[in-house]
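**Student:** Chains as they are written, first to last, in the working numbering: chain A, 1 to 275; chain B, 276 to 566. Where a beta carbon is used, it is the ideal one built from N, C-alpha and C, also for glycine. Please read through the structure below; I'll follow up with questions.
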């Protein structure tokens, strides 16, 4: 179980995350929703410690993650894998090496710096790629893949860390609808089959309702909603997103149209440079 | 009516702003030009530039070049060539040594710059002190000319190729280190975060996230440095630090004019060849880097 107690993150005078306290049960699939700038990303990044909290505690068992350093911090990061909106792969490395990056925390320094991995690790990487259905792309360079494929590589990288928890920061915001569904299905499957806790930031309300049994709403750095999808009625949506937003989608129409066109444009972009 | 009125206002407002911006730019241009002119005048005074001296000296220079032109007759062409290039194989060996000095020095410099450059990049090294120290070390390396290093090392290690190689390596390490560190600062932070978030250590992050992105640029800079180093290695022999330079200096000192042109032409041909090959390699690399 992950316990977050009175967590704060200030950038200058603005509070990105403002006194957040929340428990996340082992094996849960939790969706965090809210507008851009609500503090969802910062919260997730603090759990992985890509961002350092200004104050507060993040408890995993009896370990305070907020104060970890050095090797202990790296071990923690290996346990809570991160997935990003922009995939954050190393584009000029091949797919399998990107997945093997998930093993770096477990490797001694010198062999890893020579990009040496054991046969067992390579096998694990391929099994992870198989689980996201792209094992045959293992030797291609990451930048030759489409957005959806790249996000699946990122999920395989997360899996190769053999984590207890996956933190996904807007994993489908840059994807076309079909790829988005595939990515969310994969995350849900991993959550069910492996019992890995999944915390996923979404701005798409539909996706949150479909995939998450627990939804947390954030606004202005605070948690303003926490409950099951059926409790998320029009009034609740308004508290999370404000009045100018449709209760159905959680986004104003102009904005969602913009997002849709952008996603389509990205999907159409010729990414298959190698072929 | 009101639409037209506001439109005219916008145009007028723009026009005034544009005019004043243009005046300001002109003023800066004149000011900059004046400063440049004063600096040029000062510099020519300090450097004792004297046009008459230049014109009086030119025939002397021409005369010198003319003397290095060998006597080549059609009827005895082969014999004349053989006499002109009497030391061809010896010189070729020395040229080869020159290239080896430059190559090995570039390789060593690459290694040193690679290890140091990540510490010198503000986006990769959190310690301001660390950045400051590594950058100063690079500066000291490249601020001292190769010839000065070579003099010191010849004094320390004796005559030969090794001190020359070391001299070029140290100077190049400073130059490459600075360039590499600058390349690092444009690296895509998303890949860096991706690798970091998986629990990679700092050096693992450098090797897996930064290095693949910047390697084409590194290699391109190293090839450029190799070109420069071949030229440097060719003159290091002047202070007894190996390579073809010593032979050239000997010819100059002893006024063996045709030998000067013979050796110089070989150096020019070699440098041109290496430049062409490196240029081709770098164009390919940069094409690769843009993907």
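#1: Look at residue 184(A) and residue 34(A) and say whether their C-beta atoms are less than 8 angstroms apart.
#2: Considering Cα atoms alone, identify which of 330(B), 378(B), 312(B) and 458(B) is closest to residue 502(B).
#3: How would you call residue 61(A), buried or exposed, if buried means at least 16 neighbouring beta carbons within 10 angstroms?
#4: Between the segment 480–497 of chain B and the segment 63–75 of chain A, do at least 3 Cβ pairs fall closer than 8 angstroms?
#5: Just verifying my parser: in three-state terms, what is the DSSP assignment at residue 81(A)?
#6: Could you tell me which chain A residues have their CB closer than 7 angstroms to the CB of residue 460(B), listed as they occur along the chain?
#7: Kindly indicate which residue of 232(A), 14(A), 172(A) and 190(A) has the alpha-carbon position closest to the one of residue 29(A).
#8: So that I know if they touch, is there some Cβ in chain A lying closer than 8 angstroms to that of residue 386(B)?
#9: Could you tell me which chain B residues have their CB closer than 8 angstroms to the CB of residue 90(A), listed as they occur along the chain?
#10: Grouping DSSP H, G and I as helix and E and B as strand, with all else coil, what is residue 324(B)?
#11: Would residue 474(B) count as contacting chain E if we go by Cβ distances under 8 angstroms?
#12: Considering only residues of the same chain and omitting the five flanking positions on each side of residue 87(A), which have a CB-CB separation below 6 angstroms?
#13: State the Cα-Cα distance for the pair residue 427(B) and residue 110(A), rounded to the nearest angstrom.
#14: Check the Cβ of residue 201(A) against every Cβ in chain B and list those closer than 7 angstroms, keeping chain order.
#15: For chain A, is any of its Cβ atoms less than 8 angstroms away from the one on residue 529(B)?
#16: Check the C-beta distance from residue 202(A) over to residue 27(A) and give it rounded, since I have them as a contact under 8 angstroms.
#17: Taking all protein chains shown into account, decide if residue 238(A) is buried (16 or more other Cβ within 10 angstroms of its Cβ) or exposed.
#18: Could you check if residue 17(A) is buried or exposed, using at least 16 other CB atoms within 10 Å of its CB as the buried criterion?
#19: What's the call for residue 253(A), buried or exposed, on a 16-neighbour Cβ count within 10 Å?
#20: At the level of alpha carbons, what is the spacing between residue 120(A) and residue 375(B)?
#21: Quick test of your reading: residue 506(B) and residue 546(B), contact by CB under 8 angstroms. State the CB separation rounded to the nearest angstrom.
#22: Under 8 angstroms Cβ-Cβ, which residues of chain B neighbour residue 74(A)?
#23: With residue 413(B) as the anchor, note down where its alpha helix (DSSP H) starts and where it stops.
#24: Are the segment 170–180 of chain A and the segment 52–60 of chain A touching by the rule of at least three beta carbon pairs closer than 8 angstroms?
#25: Quick one: Cα of residue 216(A) to Cα of residue 40(A), how far?
#26: In chain order, what residues of the same chain have a beta carbon less than 7 angstroms from the beta carbon of residue 388(B), not counting five sequence neighbours either side?
#27: Considering only C-alpha positions, which residue in the set 180(A), 160(A), 178(A) and 37(A) is nearest to residue 196(A)?
#28: Which residues does DSSP list as the beta-bridge partners of residue 9(A)?
#29: Please say whether residue 59(A) and residue 5(A) have beta carbons closer to each other than 8 angstroms?
#30: Measuring CB to CB, does residue 522(B) end up less than 8 angstroms from residue 366(B)?
#31: Cβ of residue 11(A) less than 8 angstroms from any chain B Cβ?
#32: Measuring straight from C-alpha to C-alpha, what distance separates residue 122(A) and residue 158(A)?
#33: Do residue 460(B) and residue 398(B) have their C-beta atoms closer together than 8 angstroms?
**Tutor:** According to the data block:
#1: Here residue 184(A) corresponds to residue number 184 of the first chain, with the count starting at 1. Here residue 34(A) corresponds to residue number 34 of the first chain, with the count starting at 1. Going by C-beta atoms, residue 184(A) is not nearer than 8 angstroms to residue 34(A).
#2: Working through the second chain from its first residue, we reach residue 502(B) at position 227. It is 378(B).
#3: As a position in the first chain, residue 61(A) is number 61, starting the count at 1. Exposed: under 16 other Cβ atoms inside 10 Å.
#4: no
#5: Within the first chain, the letter at position 81 stands for residue 81(A). The answer is strand: DSSP assigns residue 81(A) an E or B state.
#6: Within the second chain, the letter at position 185 stands for residue 460(B). Going along chain A, no residue has its Cβ under 7 angstroms from residue 460(B), so there is no contact; the nearest lies around 18 angstroms.
#7: For the purposes of this step, residue 29(A) is taken as residue 29 along the first chain, with counting starting at 1. Nearest C-alpha to residue 29(A): 190(A).
#8: Along the second chain, read from residue 1 onward, the residue named residue 386(B) stands at position 111. Not one chain A Cβ lies under 8 angstroms of residue 386(B).
#9: The residue you call residue 90(A) lines up with position 90 of the first chain. Chain B residues near residue 90(A): 466, 469, 470, 483, 484, 487 and 488.
#10: Along the second chain, read from residue 1 onward, the residue named residue 324(B) stands at position 49. DSSP places residue 324(B) in coil when its eight states are reduced to three.
#11: As a matter of chain content, chain E is missing from the structure shown, whose protein chains are A and B.
#12: By one-based count along the first chain, residue 87(A) stands at place 87. So the qualifying residues of the chain are 150, 151 and 154.
#13: Position 152 of the second chain holds residue 427(B). Position 110 of the first chain holds residue 110(A). C-alpha separation (whole angstroms): 36 angstroms.
#14: For the purposes of this step, residue 201(A) is identified with residue 201 of the first chain, where counting begins at 1. Those do not exist, as residue 201(A) stays about 14 angstroms from chain B at its closest Cβ, beyond 7 angstroms.
#15: Sequence index remark: in the second chain, residue 529(B) carries index 254 (1-based). By this cut-off, residue 529(B) is not an interface position.
#16: One-based indexing of the first chain puts residue 202(A) at position 202. One-based indexing of the first chain puts residue 27(A) at position 27. Not confirmed; about 19 angstroms, so no contact.
#17: Here the question's residue 238(A) lines up with position 238 in the first chain. Answer is exposed; the Cβ neighbour count stays below 16.
#18: The residue given as residue 17(A) occupies position 17 in the first chain. It counts as buried.
#19: The residue you call residue 253(A) lines up with position 253 of the first chain. Low confidence applies to residue 253(A): its pLDDT is 45, below 50, so where it sits in the model is not reliable, and the reading given next is rough at best. The residue is exposed, with fewer than 16 neighbouring Cβ atoms inside 10 Å.
#20: Against the first chain, residue 120(A) aligns to sequence position 120. Against the second chain, residue 375(B) aligns to sequence position 100. Those two C-alpha atoms are separated by around 42 angstroms.
#21: Numbered from its first residue, the second chain carries residue 506(B) at position 231. Numbered from its first residue, the second chain carries residue 546(B) at position 271. With a Cβ gap of about 6 angstroms, residue 506(B) and residue 546(B) count as contacting.
#22: Locating residue 74(A) in the first chain gives position 74, where the first residue counts as 1. Residues of chain B passing the Cβ test: 474, 475 and 476.
#23: To locate residue 413(B), count along the second chain from 1; it is residue 138. Where residue 413(B) is concerned, the enclosing alpha helix (DSSP H) stretches over 403–418.
#24: no
#25: Locating residue 216(A) in the first chain gives position 216, where the first residue counts as 1. Locating residue 40(A) in the first chain gives position 40, where the first residue counts as 1. Each residue's Cα considered, the two are about 10 angstroms apart.
#26: Translated into positions along the second chain, residue 388(B) becomes position 113. Same-chain partners within the cutoff: 448, 451, 452 and 455.
#27: By one-based count along the first chain, residue 196(A) stands at place 196. When each option's Cα is compared against that of residue 196(A), the closest is 160(A).
#28: Locating residue 9(A) in the first chain gives position 9, where the first residue counts as 1. In DSSP, residue 9(A) forms a bridge with 17(A).
#29: Reading the first chain from its first residue, position 5 is the one you call residue 5(A). Reading the first chain from its first residue, position 59 is the one you call residue 59(A). Yes.
#30: What you label residue 522(B) is simply residue 247 of the second chain in a count that begins at 1. What you label residue 366(B) is simply residue 91 of the second chain in a count that begins at 1. It is a contact, given that the beta carbons lie within the stated cut-off.
#31: For this step, residue 11(A) is matched to residue 11 along the first chain. No, because no Cβ of chain B sits closer than 8 angstroms to the Cβ of residue 11(A).
#32: For the purposes of this step, residue 122(A) is taken as the residue at position 122 of the first chain. For the purposes of this step, residue 158(A) is taken as the residue at position 158 of the first chain. Between residue 122(A) and residue 158(A), the C-alpha separation is close to 15 angstroms.
#33: Position 185 of the second chain, counted from the first residue, corresponds to residue 460(B). Position 123 of the second chain, counted from the first residue, corresponds to residue 398(B). Yes, the Cβ-Cβ distance between residue 460(B) and residue 398(B) is below 8 angstroms.
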